[in-house]
């Protein structure tokens, strides 16, 4: 099977192309801002004092503004759900891009970390240069109070410096707690430290209000590097011999206003006359324009989600399955859902802020309002949730706030008719197989009663062989012929399905680890000799 360029884009190539585009955009913004501060006449004196530290700090700040603005948008779940369910977004592939919102959020977060390190390093150099290059001629431009001042005072005794130090600590906590090891071992640490983003944004707004870096406002009256004869501070300035006779006492007395300026002085190539001293002013904080809109949007959405989630959900039954799997069946007024959707569960008795998505394993119908989820107890939140439901069951714990994640459009699947379902389930151990085997047996027996035994092709794969005889028995007799040992041979399976469904469209739906997802995605976009088209779909909790 060969991969075309479209298949390459649909697989890893699309992700790599996006990452290359995003990196190019940030580098372009960095370089553009760098040149502005390096070549801009309004930053001439500040650049003479700070050097490249000024250019690097301001260029990295521009990149940080962009990413701090966009990092919140992928977390606006209600907005993304509305866009994905809107008929204005007509193409399926365009809607699937919205499912990659979590990936974009992580990309922006990594970019913030990288350029924050660059920004902090540049400002450390700036603090040192402010102290060493202190100039009494430009008192308003200096951040230091005197030459040789301890640079640590600029970091801990000023508003920009102190807020910057605290932001570095907050960002360090958020980044380290976002690693895979911490998220798996203790999700609470990740969740609560990640909510420090609100503190980070408040400090960011205070950080840019200090106005330490300033620019010159009177370029026409005082071009950078010009000579002002009325200034008495330039006593040590070397004056050309041609000007010594016309201006014998220019360093001690003011320049006579009624005396015309000599023509040779005006036409000189290396020195110009200026009429006043340079004036400096702080920039208006641009960060407010970048982050105020997304931050307000996210806060409004969080409030909306909180209000909507307060509608109670009644838990009708809780079933404990083998392999630490819990089945929760619930009811909610006016709740509608379609197969494949997921809901986000939030239980204040378990955690005030934490919530988790779960795929619906039982959808409500016109005759039955009950819906349910299966959740595996693998972390702190699920353990407390299980204990709350099983060990402390009472009237209070049967009310659980919940909100629906998204509204799905038709997705163009109405013209397709489901003819056969290939169900492939890979389990590592026997216990993982047992909790779902009863449901599969019920489904298999129901299809036999309806004379549709081949409607669903079930294939079960077990990696573990010990204790296999305990499963193969009368209870799971219907699944004995479906049970295989080892791992699926995905390429042969795809060839077999393509051969049986020539020139047809087959949907591939994956709910599993990323390693298997990459394999199935690549095989789905590979060409075959039977004219069969595979459309890949991955469960995404965005």
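Numbering (our numbering), first residue to last: 8 to 549.
Glycine included, every Cβ here is placed at the ideal spot set by N, Cα and C.
Computed from a predicted model, the values in this text were never measured in an experiment.
- The beta carbon of residue 178 lies closer than 8 Å to those of 119, 120, 123 and 207 in the same chain, with the five residues before and after it left out.
- Bounds of the beta strand (DSSP E) holding residue 545 are 540–545.
- C-alpha of residue 50 to C-alpha of residue 201: approximately 37 Å in a straight line.
- Within the same chain, Cβ atoms closer than 8 Å to the Cβ of residue 540 are found at 511, 512 and 513, the five residues on either side in sequence being excluded.
- Cβ contact annotation for residue 368 (same chain, cutoff 8 Å, sequence separation greater than five): 334, 379, 380 and 381, in chain order.
- Around the beta carbon of residue 186, a 10 Å sphere encloses fewer than 16 other beta carbons of the protein chains shown; the residue is thus reported as exposed.
- For residue 64, the enclosing alpha helix (DSSP H) has its first and last residue at 59–77.
- Taking 8 Å as the cut-off, the beta carbon of residue 455 is found no closer than this to the beta carbon of residue 194.
- Annotation for residue 174: no beta strand (DSSP E) segment contains it, though the alpha helix (DSSP H) segment containing it runs 166–184.
- C-alpha of residue 131 to C-alpha of residue 75: approximately 22 Å in a straight line.
- According to the DSSP assignment, residue 464 belongs to the beta strand (DSSP E) that extends over 463–469.
- When the alpha-carbon of residue 211 is set against those of 152, 188, 225 and 294, the nearest one is in 294.
- Taking 8 Å as the cut-off, the Cβ atoms of residue 52 and residue 163 do not count as close.
- Residue 393 is positioned such that its CB atom lies closer than 8 Å to that of residue 384.
- Exposure of residue 426 is indicated by the presence of fewer than 16 other C-beta atoms within 10 angstroms of its C-beta.
- Annotation: residue 360 to residue 289 spans about 40 Å, alpha carbon to alpha carbon.
- Taking every protein chain shown into account, the CB of residue 224 has fewer than 16 other CB atoms within 10 angstroms, so this residue is exposed.
- Here residue 115 is near residue 78, since their CB atoms are less than 8 Å apart.
- Per DSSP, reduced to three states, the secondary structure at residue 365 is strand.
- Spatial neighbours of residue 344 in its own chain (CB-CB distance under 8 Å, excluding positions within 5 residues in sequence) are listed in chain order as 350, 367, 370, 371, 378 and 411.
- Between residue 67 and residue 150, the C-beta spacing is not below 8 Å.
- By the neighbour-count definition (other C-beta atoms within 10 Å, threshold 16), residue 171 is a buried residue.
- A residue is called buried once 16 or more other Cβ atoms fall within 10 Å of its Cβ, and residue 23, having fewer, is exposed.
- A direct Cα-to-Cα measurement between residue 125 and residue 157 gives close to 22 Å.
- The shortest C-alpha to C-alpha distance from residue 182 to any of 488, 117, 226 and 28 is the one to 117.
- Taking a cut-off of 8 Å on C-beta distances, the stretch 496–512 touches the stretch 531–539, as three or more cross pairs fall below it.
- Taking residue 174 as the centre and dropping the five residues before and after it, the same chain places the C-beta of 207, 210, 211 and 214 closer than 7 Å to its C-beta, in chain order.
- In this structure, the straight-line span from the alpha carbon of residue 519 to that of residue 526 is close to 11 Å.
- Under DSSP, residue 334 takes part in a beta bridge, and its partners are 326 and 381.
- Judged by DSSP in its simplified three-state form, residue 52 adopts helix.
- For the pair residue 446 and residue 498, the CB atoms are not nearer than the 8 Å cut-off.
- Using a C-beta cut-off of 8 Å, the stretch 297–307 makes no contact with the stretch 217–233, since fewer than three inter-stretch Cβ pairs fall below that distance.
- The alpha-carbon of residue 63 is positioned some 19 Å away from that of residue 216.
- Check the Cα spacing between residue 322 and each of 332, 313 and 339: the tightest is with 339.
- Note on residue 493: under 16 other CB atoms within 10 angstroms of its CB, so exposed under the neighbour-count rule.
- Going by beta carbons, residue 219 and residue 292 fall outside the 8 Å limit.
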